[in-house]
Amino acid sequence: MSDLEAAVAAGVLGADEAHRALLQATVEVARAIFGAKAASVFLLDEEADELVFEAVSGEGEGELIGMRFPADTGIAGWVLTTRQPLIVDDLSADTRWSRSQAESTGYVPKSMMSVPLLVEERALGVLQVLDRPPESRVKLREIDLLGLFANQAAIALDLLQRARRARAALAGEGRLAPLARVAGRLEEDERDTALELLQALDRLLAETS
Amino acid sequence: MSDAAIELHEHEEEEDLPAWSLPAEAVDRIRVPVTLPDQVTREWAWGGSTGAGVRVCILDSGIELDHPLVGHVDHSVAVLRDEEGELQVVEDGEGDLCGHGTACAGVVRALAPDVELTSVRVLGAGYKGGGETMLHGLAWAIEQGFPVVNMSLSTTRTKYVERLHELADRAYFKRVLLVASAHNMPVESFPWRFASVISVGSHEETDGLTFYYNPTPPVEFFGRGLDLDVAWLGGGTLRCTGNSFATPHIAGICALILGKHPDLTPFQLKSVLYQTASNAKGAP
Numbered sequence: 001m002s003d004l005e006a007a008v009a010a011g012v013l014g015a016d017e018a019h020r021a022l023l024q025a026t027v028e029v030a031r032a033i034f035g036a037k038a039a040s041v042f043l044l045d046e047e048a049d050e051l052v053f054e055a056v057s058g059e060g061e062g063e064l065i066g067m068r069f070p071a072d073t074g075i076a077g078w079v080l081t082t083r084q085p086l087i088v089d090d091l092s093a094d095t096r097w098s099r100s101q102a103e104s105t106g107y108v109p110k111s112m113m114s115v116p117l118l119v120e121e122r123a124l125g126v127l128q129v130l131d132r133p134p135e136s137r138v139k140l141r142e143i144d145l146l147g148l149f150a151n152q153a154a155i156a157l158d159l160l161q162r163a164r165r166a167r168a169a170l171a172g173e174g175r176l177a178p179l180a181r182v183a184g185r186l187e188e189d190e191r192d193t194a195l196e197l198l199q200a201l202d203r204l205l206a207e208t209s
Numbered sequence: 210m211s212d213a214a215i216e217l218h219e220h221e222e223e224e225d226l227p228a229w230s231l232p233a234e235a236v237d238r239i240r241v242p243v244t245l246p247d248q249v250t251r252e253w254a255w256g257g258s259t260g261a262g263v264r265v266c267i268l269d270s271g272i273e274l275d276h277p278l279v280g281h282v283d284h285s286v287a288v289l290r291d292e293e294g295e296l297q298v299v300e301d302g303e304g305d306l307c308g309h310g311t312a313c314a315g316v317v318r319a320l321a322p323d324v325e326l327t328s329v330r331v332l333g334a335g336y337k338g339g340g341e342t343m344l345h346g347l348a349w350a351i352e353q354g355f356p357v358v359n360m361s362l363s364t365t366r367t368k369y370v371e372r373l374h375e376l377a378d379r380a381y382f383k384r385v386l387l388v389a390s391a392h393n394m395p396v397e398s399f400p401w402r403f404a405s406v407i408s409v410g411s412h413e414e415t416d417g418l419t420f421y422y423n424p425t426p427p428v429e430f431f432g433r434g435l436d437l438d439v440a441w442l443g444g445g446t447l448r449c450t451g452n453s454f455a456t457p458h459i460a461g462i463c464a465l466i467l468g469k470h471p472d473l474t475p476f477q478l479k480s481v482l483y484q485t486a487s488n489a490k491g492a493p
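Here the protein sequences come in this chain order: P and B. All the letters of the first sequence, read from the start, carry residue numbers 1 to 209 under this note's numbering. All the letters of the second sequence, read from the start, carry residue numbers 210 to 493 under this note's numbering.
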């Protein structure tokens, strides 16, 4: 998708906040459905090769957003790289893991459901649901539900990323920034004239191609 | 996998068999070393086998050394990038970066205690190169001729499909059985969708030797994958769920069968699996 199309898809620059709210709602519903203590979404930062906490509901809410760790290690890294969901219980028995988890997030879950967030063929991140009620034995139905939920979270994450790309294109040094600046400077009546000019240019380009 | 690795395969020794036709005098040369009995039973298939003599490769996050539930690991390698950025298979002392590979190795060991285990670590070279790393590790495993390769992983990247498909077919003809996890999400991923591999999903039962044949693929077999205690980092265990763990159950059963009938081809082995599945005639 081109930057301009992304900009159109995003609608307005403020869409970033709306999409973040959508992602937050997704983790909250995930947490509620599984009766879990926490749920989070990690976004893959391909440039840095890191996973970033993007939305958290429950334990760690408000503190973990923005925290990063390598994208190819740990359970989330394994799930992301191999595209396979994984459910782990009795996590506290893994002392090495729980120590590093406690050091980085301050919270050591006992159980964790992790599922990759896939849109078409891309892996965008990982959804984790932490600490389901201890008496609930995992059923295949739950894994299916988790998979369906991951689809929804993946779509929300995809929208968020598109909105960010659009914002980047329209702001600062972005390719479409001059367009946004010109549009911003125009008075209302000038804007109509400018739009007519753009439409004429569009028609001209369509005819010549 | 690099193009160089693909070329490596293409220059392997020529097969001495008539590949496209069969002259009368050549019939003796394609004698089938094992024929299946009229009724294949589990006793015939793997009765008395411990998997001894069968080399099983775990393509995963590495295997923790000296884990009590895994025991001796014969060889550990990792696929890593060298200074020029080229993928290389190197000796590995890193153990397991996640715990998952150790878990898979432990499942195989529990079913087939005398197999020889090799770990090919395809995690840790950076997420970005994950697909390439996996393909490189798989190509290496096929080149080494492991009779069983456990692949509890998949890729959704269509750009790898052609090469992965070629590798899966190459493995099939080289008697390298790829046992691959099916996805339990509604997405397209590979290599489990290929007919040349054994694809595995989970059932909900608790017996490790219970497995089902699915007459409506793409998932062809279901193994134990729910709520099981598996080996994990630090010498301990974790209770885990996922098709990832159903896969080494089927890989372990394949190792048992090959321990008793080492000359079975992947085609024959898949037939034996079908005939001994819990929903088929050969099961007890």
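Where is the CB? At the ideal position from N, CA and C, for every residue including glycine.
Proximal residues of chain P, C-beta to C-beta of residue i below 8 Å
i: C307 of chain B; result: T73, G74, I75, G77, W78
i: V435 of chain B; result: The identity of residue 435 of chain B in the sequence shown is Leu, whereas the question assumes Val. What L435 of chain B touches in chain P: V138, K139, L140.
i: E413 of chain B; result: K139, L140
Listed by chain order, chain B residues near residue i by CB distance under 7 Å
i: V88 of chain P; result: L447, C449
i: E121 of chain P; result: T365, R366, T367
i: G147 of chain P; result: N393, M394, P395
Three-state class that DSSP yields for residue i in the structure shown
i: R164 of chain P; result: helix
i: H281 of chain B; result: coil
i: S480 of chain B; result: helix
i: H202 of chain B; result: Since the first and last residues shown for chain B are 210 and 493, residue 202 of chain B lies out of range.
i: D192 of chain P; result: helix
i: C313 of chain B; result: helix
i: T210 of chain P; result: The structure shown does not extend to residue 210 of chain P, since chain P spans only 1 to 209, so no value can be given for it.
i: L117 of chain P; result: strand
i: R137 of chain P; result: coil
i: E325 of chain B; result: strand
i: I65 of chain P; result: coil
Straight-line Cα distance separating residue j from residue i
i: D202 of chain P; j: L195 of chain P; result: 10 Å
i: S211 of chain B; j: S40 of chain P; result: Legend: pLDDT at S211 of chain B = 48, less than 50; position of this residue unreliable, value from coordinates given subsequently. The alpha-carbon atoms of S211 of chain B and S40 of chain P are separated by roughly 36 Å.
i: S453 of chain B; j: R83 of chain P; result: 11 Å
i: E325 of chain B; j: G256 of chain B; result: 19 Å
i: T327 of chain B; j: P116 of chain P; result: 27 Å
i: A48 of chain P; j: L467 of chain B; result: 45 Å
i: A123 of chain P; j: A233 of chain B; result: 54 Å
i: T450 of chain B; j: L80 of chain P; result: 17 Å
i: D472 of chain B; j: V56 of chain P; result: 53 Å
i: L186 of chain P; j: R175 of chain P; result: 19 Å
i: F34 of chain P; j: N151 of chain P; result: 16 Å
i: D275 of chain B; j: R165 of chain P; result: 48 Å
i: A200 of chain P; j: D192 of chain P; result: 12 Å
i: E121 of chain P; j: H374 of chain B; result: 17 Å
i: E292 of chain B; j: G66 of chain P; result: 31 Å
i: P277 of chain B; j: G354 of chain B; result: 27 Å
Cross-chain neighbours of residue i in chain B, by beta carbon under 8 Å
i: Q84 of chain P; result: S361, L362, S363, S390, H392, G451, N452, S453
i: L91 of chain P; result: L447
i: L22 of chain P; result: Within 8 Å Cβ-Cβ: nothing; L22 of chain P doesn't reach chain B, min ~20 Å.
i: D144 of chain P; result: N393
Residue i: contacting residues in chain B (beta-carbon distance under 9 Å)
i: D228 of chain P; result: In the structure as shown, chain P begins at 1 and stops at 209. Residue 228 of chain P is therefore absent and cannot be evaluated.
i: L43 of chain P; result: The premise fails here: L43 of chain P is roughly 12 Å from chain B at the closest Cβ pair, so nothing lies under 9 Å.
Contact under 9 Å by Cβ, residue i with residue j
i: V357 of chain B; j: V385 of chain B; result: yes
i: D72 of chain P; j: V119 of chain P; result: no
i: I87 of chain P; j: V138 of chain P; result: yes
i: L447 of chain B; j: T415 of chain B; result: no
i: S405 of chain B; j: A440 of chain B; result: no
i: A38 of chain P; j: E59 of chain P; result: yes
i: L344 of chain B; j: L306 of chain B; result: no
i: R330 of chain B; j: V288 of chain B; result: yes
i: T311 of chain B; j: I351 of chain B; result: no
Heavy atom of the ligand SAH within 8 Å of residue i beta-carbon
i: L176 of chain P; result: In the structure on display, the ligand SAH does not appear, and there are no ligands present to speak of.
Contacts that residue i makes with chain P (C-beta to C-beta distance below 9 Å)
i: V299 of chain B; result: Simply none; closest approach about 17 Å.
Is the stretch 42-55 of chain P in contact with the stretch 166-175 of chain P, if contact means three or more CB pairs nearer than 8 Å? no
For the stretch 22-34 of chain P against the stretch 143-161 of chain P, are there 3 or more C-beta pairs whose distance is under 8 Å? With a cut-off of 8 Å on Cβ pairs, the stretch 22-34 of chain P is in contact with the stretch 143-161 of chain P, counting three or more such pairs.
I want to know whether the stretch 264-281 of chain B touches the stretch 357-369 of chain B - three or more CB-CB distances under 8 Å. Taking 8 Å as the limit for Cβ pairs, the verdict is that the stretch 357-369 of chain B does touch the stretch 264-281 of chain B.
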